Every structure is written in C-alpha cells, then in structure tokens.
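For what it's worth, this note's numbering labels the leading residue of the sequence shown as 704, then goes sequentially. Below is one structure, written out as structure tokens; comments come after it.
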Amino acid sequence: MYVLGISCFYHDSSAALLKDGKVVAAAQEERFTRKKHDVSFPKNAIDYCLKSQNITIKDVDYIGFYEKPFLKFERLLYQHLAKFPFSYKPFLALLPSWFNEKLRMIKLITKKLKYRKDIFFLHHHMSHAAGSFLLSPFQKAAILTVDGVGEWTTTAYGVGEDTNIELIKEIKFPSSLGLLYSTITAYLGFKVNNSEYKVMGLSAYGNMNKKTNHYYYKLKKVIDIKEDGSYRLDMKYFSFHYSGKMPSRRLSKLLDGDIRKPNSEITKKHKDIAAALQLITEEVMIKMLNHLYKVTKCDNLVVSGGVGLNSVFNGKILKNTPFKNFWSQPDPGDGGTSLGVAAYIYYTLLDNKRKEVLGDAYLGPEFPEEEIKEFLEENEIKYTKFVNESEIVRETAKLIHKNNVVGWFQGRMEWGPRALGARSILSNATNPKMQEILNLKVKHREKFRPFAPVVCADDAFKYFDCNNVLPLPTDFMLLVYPIRKQYHKKIPSVTHVDGSGRLQTIRKTQNKLYYDLIEQFGKLSGIPILINTSFNIRGEPIVCTPYDAYKCMMGTGIDFLIMGKFLINRKDNPQDMWDSEKQAKD
Ligand SMILES: [Fe+2]
C-alpha cells in the first residue's frame, strides 16, 4: 500500500511516500526548483517519490494534505474583519491565491497529478504531531507541537499511544511563541521564516543572565506566561495579524529604537534582545514541558513544529524537565508535515500496527555511479576514480587533514533542513583558521555564526557534555550541547562563543562511509571531529544533483569534490562559472 503526503503553499513544500508504512522517499521541493523555501505545489518532489519506487500515481492508494485550507481561510477572514480597514490591502493581495489554488486543493491535486481517489485533509498541528510520534521509537509519548501558526492553533500538546494521538490542549492565534520569535527576528533585521536560527545563534553573544539583561524584562511585557506554560501575547506590540510588518511601532519603542536595517552593524543591544528572546522561549517551553509531564506521567517526549528546530533549547530539555527520552523527526518544521499526514493515514486512520522508526534522514534522490560518470564526461570535467570505499575514506581524510575544503556528495540526499553527510561540505575542525577560510571560500555568512561539528556517536561523550544521555535526534543535528572545556581550543571552528556546539552524531549503521571517514580523520589529527556544513552557498538550497554540486564547487572555493567514487580537483577544471559571493542571499 502506498500513501503519499503533500505539504505546500505556506513554506517549505514537500512530499513523502510510505510503502506499507515504511518511509521510502521524502524530499523538499526547493531542492529540485533551486528556490529556497519554495512554497509551490511539490510536483518535482512527488515525481521523485513515485520514480524512486518505479510506480505511477495510479499505484498510490491514499493522498493526504497537511492542513485544512478552509479552516485556515476562516482564520484569515476573521483577522481581516477584526482589523478592518487596516487589514484591507494585505487581505486583498491574498485573495487570488486563495480562490485560484488554496481553496480548490482537491481540484488542484486531481488536475496536477491526474489522481482520482479520495484526498484526506489533516489539521496542521496533528500533521506535526503524527510526523514525530508515529515514526518515533516510543509506543507511548507526551507530544508537544509549537510553531508560528497552522489553521488556528499555534501550540498544542497531548499524548500518543500506539497508533492514537490525542491533542488535549491548544493555544490559538494570535498568541504564538513561533510568531513572537519571528517578530523579533524581523525586528533584528533578519528574514522571517528563514533566519530565526541566526537569532538563536546570536543569542549566545548577548547577556543570557535574566537578572542583568534589561531587555528580558522589557520583552516580558509582550507576553503573559502562566505557571503551566500557557501564554498570551499582548497584541498591541505586534502587527502580524493585520499587516505584513510584524513588529508594531509600540514594540520598536519598547525596544529603544527602530527595526535594524539588514546588513547594518549588529550591536550589543541586538545581541541582548536575541538573548532575551531565547530566555523567554526557554522559559515558556520548560514550564509547558513540566506541566505536560505532570499531565501525562510519561517519560518519553516528542517535539515538533518550527520551534522544534530551536536546537539550543532542545539540548536543555532532558536537563531541565523530568522527561527521560526525547525524539523528533529530522524535519520538525512545516517541511516535515507531508510525512506526518502520510503516517497518520497509514497508522492512525487505517489502524495498521506500528513498525517504522525513522532511523536516518537519507530519503532523497541518489545518483548511481554510471549517471555521475555520464555527467562528468558529457561536461568534459576532469576526474580521477577511487578503486573502493577504503580508498575514498583514506584519501578524503588526508585531503581534509591538509586543510582542503571538500564537497561530499554521497548516496541519498537528506530529508530536512540539515546536511548530515550526504550533501555536506567537510573540513578540518582542528584548524583555528577554518571558520574564516570557509566563510571566505564558500559560505560568505555572518561572522557570528559558528560551524557545526560531526562526531561518531561512540565518541560524543568524550568531547561534548551531553548530560549522560544522547537523544537520538542528535543524529539529525537538532541539539546543541556544551563542548568540554579542554577541547575548546582544540576545535575552535566549531566552538560557539558560549562554548557550545550544534553537533551531529553519526552511527555506523546509518552511514558507514561517513562514519569511517570521521574515524580515519581522527587517526590523522588526534580528534575524530569534522566541520560539517551544508553543501550550498548562503541563501541557496542544499545541492541535490551532480550538476548542482559541481556548479556550487566551481562557483566557490571548494577545493575537491568527492562524488561517489569520483574525485574532482577544482584546479584541474575551468575557473568560476559564476560568482558565489554576488549570489549569496539571506
Ligand atoms: Fe507548522
């Protein structure tokens, strides 16, 4: 039985395919269209899912859509009426897309896919909940979903047992922790629904002491937090409910000045505001999770929704709440909801026995050796070929140890926003200059953002203070942990200003080649940790095909590209086809 999940028209469109309950393919549309956070109908992602199984749409038994468009439109209508006439212009601008596409989803899916069977629509937050719980290792778990907004809901919690999910409490729009985070992201001059993670990274530079950060007290005025973690925003500080601009004038006044202009200087004030926001987010989440534990008495927790990508907070969950185990799928944000609705149909609606635990994120397209070779030869790209995997490991480790920046293109592309060793740029974490080199050669990103380390799971405790428990989502780079003090100076490029690192752990069973490479690098350098950053330049989606990878390499300062068994040396090939620095976006 095939079940296809679809998510689109908000942000991060995606498709996911289940075969007899097993996740066999999943990908975000942006990887195919090369448009970051692409919201369009995920035709390419769907085609990929079907092609990966050699099937056509006729073989699909059920299609699920990740939210209920009519309920969402009801909320938009309510927003508009409540704030008329201020909301008139933005509401009018929305109408064509709603009447032409979003309110006609059945017709649209039927037409685009030539699909004649029923289509199932699931609540947005239930899609989030299902995507994490039903594919988790837990038979029973407390569930928390927190994001910007779905139809009406912005936060929900409940419990999952076997194939049933019950959401017992929800907080509704306009109160939203996700939208508070996005509003401050906008205030700090970053791009909403894209750069929230930058604000999270910036918070480490600010004053994380509640007592002395006066922006913490200022920001507390905009949100009323109850003991059980439920909260309410004071809407006079916001304008997202009736205009495209998120912070209101009153918020700017409260925070001592206008919205920061993009690319202008980031001052101590901006850093302290980021820190205050992170403190408040953590305060709400910890209170809510403590309450959720009281209500459910369950040791297992799954978290999803965009706020589930707050890896700084995720790393603190087990330390600050009574929960003993934590899980999240590789894509807890809206991109992951296509997987959620597909899992809900197969397990909850059709009541099939649970059997699938999502153990890795390698669910995207792969390119066989012949196809890569064909691409290289057709384009007259000079290459050499490794004889076997041991040679790939040995030689790549040497290249990285000699401080080369290596594009690593192996196997199936990752599902979710993180590069996890299939489409990664790898480099030497022990070189103190590597952060600078990477920024100069490839990433062109803000200096305050550190790079992420990858370590074999067995070595994680030696280098990171993981609080004696290593939750499985560490494999998906979803948690930040303190790096043990004695290693701060040994791996400076991956050590954030507060001594933390957003680590990825890797197990041999997930990706042997990648695991062996890190181990081999450890033999050369003494420390089995690499810098793992996504294979893209700033503002571009992660590469998907050999063409994307080669183009990214030739437009940047990546020194070597290892694509399957093929080694491409940048110096052996024509110079830049395009200037990546000019292309770098937010
Ligand atoms: Fe969401």
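For each residue, glycine too, the CB sits at the ideal point set by N, CA and C. None of the values given here were measured: they were computed from a predicted structure.
- In the DSSP annotation of this structure, the continuous segment of the beta strand (DSSP E) that includes E873 starts and ends at N867 to K875.
- Its chain contains I709, C711, S716, S717, A718 and E732 as the residues whose beta carbon lies nearer than 7 Å to that of P745, once the 5 sequence neighbours on both sides are disregarded; these appear in chain order.
- The continuous alpha helix (DSSP H) containing Y918 extends over residues H917 to K923.
- In this structure, Y934 places its C-beta atom within 8 Å of the C-beta atom of V987.
- Annotation: the segment 1172 to 1207 contains no complete segment of the alpha helix (DSSP H) (minimum length 4 residues).
- Inclusion of F1154 and T1236 in the CB contact set at 8 Å is warranted, their separation being smaller than that value.
- Between the segment 1239 to 1254 and the segment 1123 to 1136 there are three or more C-beta pairs closer than 8 Å, enough to call the two in contact.
- Within the segment 773 to 853, the runs of beta strand (DSSP E) at least 3 residues long that lie entirely inside it are, in chain order, 822 to 824 and 843 to 849.
- Near ligand 1, meaning a beta-carbon closer than 6 Å to one of its heavy atoms, we find H827, H831, D850, G853, G1008, G1009 and D1037.
- Only exposed fits I871, as fewer than 16 other CB atoms lie within 10 angstroms of its CB.
- In the structure shown, A1160 adopts helical secondary structure according to DSSP, grouped into three states.
- Spatial neighbours of E985 in its own chain (CB-CB distance under 7 Å, excluding positions within 5 residues in sequence) are listed in chain order as F1016 and K1019.
- Bounds of any beta strand (DSSP E) do not take in V902; it lies within the alpha helix (DSSP H) bounded by E899 to S906.
- Under the three-state reduction of DSSP output, V1005 falls in the strand class.
- Counting only runs of at least 4 residues, the segment 940 to 1013 fully encloses the following alpha helix (DSSP H) elements, listed from N- to C-terminal order: 952 to 957 and 971 to 999.
- F802 is positioned such that its CB atom lies no closer than 8 Å to that of N1003.
- In the three-state reduction of the DSSP assignment, T1099 falls in the helix class.
- The straight-line gap separating the alpha-carbon atoms of H714 and V895 is approximately 11 Å.
- The three-state reading of DSSP puts G1039 in helix, counting H, G and I together.
- In this structure, the alpha-carbon of L806 lies about 48 Å from that of E1139.
- For A859, the secondary structure class from DSSP, reduced to helix, strand or coil, is strand.
- Closest option to S1228, judged by alpha-carbon separation, among F1151, T1133, D1201 and I1271: T1133.
- Following the DSSP letters along the chain, one finds M1137 inside the alpha helix (DSSP H) bounded by residues M1137 to L1141.
- I868 is the residue among I868, S755 and R963 whose C-alpha sits nearest the C-alpha of T999.
- P1277 sits exposed, since fewer than 16 C-beta atoms from the chains shown fall within 10 Å of its C-beta.
- Sequence-distant partners of N747 (beyond 5 residues in either direction) whose C-beta falls short of 7 Å from its own C-beta, in its chain, are E732, F735 and T736.
- When DSSP assignments are scanned along the segment 725 to 753, the uninterrupted stretches of alpha helix (DSSP H) that are 4 or more residues long and fall wholly within it turn out to be 733 to 736.
- Put simply, the segment 760 to 770 touches the segment 809 to 825. At least three CB pairs are less than 8 Å apart.
- Within the model, the alpha-carbon separation for L1264 versus I1234 is close to 16 Å.
- In the assembly as shown, Q1207 is a buried residue. Its beta-carbon has 16 or more other beta-carbons within 10 Å.
- The beta carbon of K1226 lies closer than 8 Å to those of A1100 in the same chain, with the five residues before and after it left out.
- In this structure, G851 sits near S879, with a CB-CB distance shorter than 8 Å.
- Counted as a single uninterrupted DSSP element, the alpha helix (DSSP H) harbouring K1022 occupies residues I1020 to N1023.
- Excluding five sequence positions before and after F943, the CB atoms of its chain that fall closer than 8 Å to its own CB belong to P877, L882, S885, T886 and M949, given in chain order.
- Closest option to F1089, judged by alpha-carbon separation, among G767, G1267, A1122 and Q1223: G1267.
- With respect to I846, V862 sits close: the two C-beta atoms are nearer than 8 Å.
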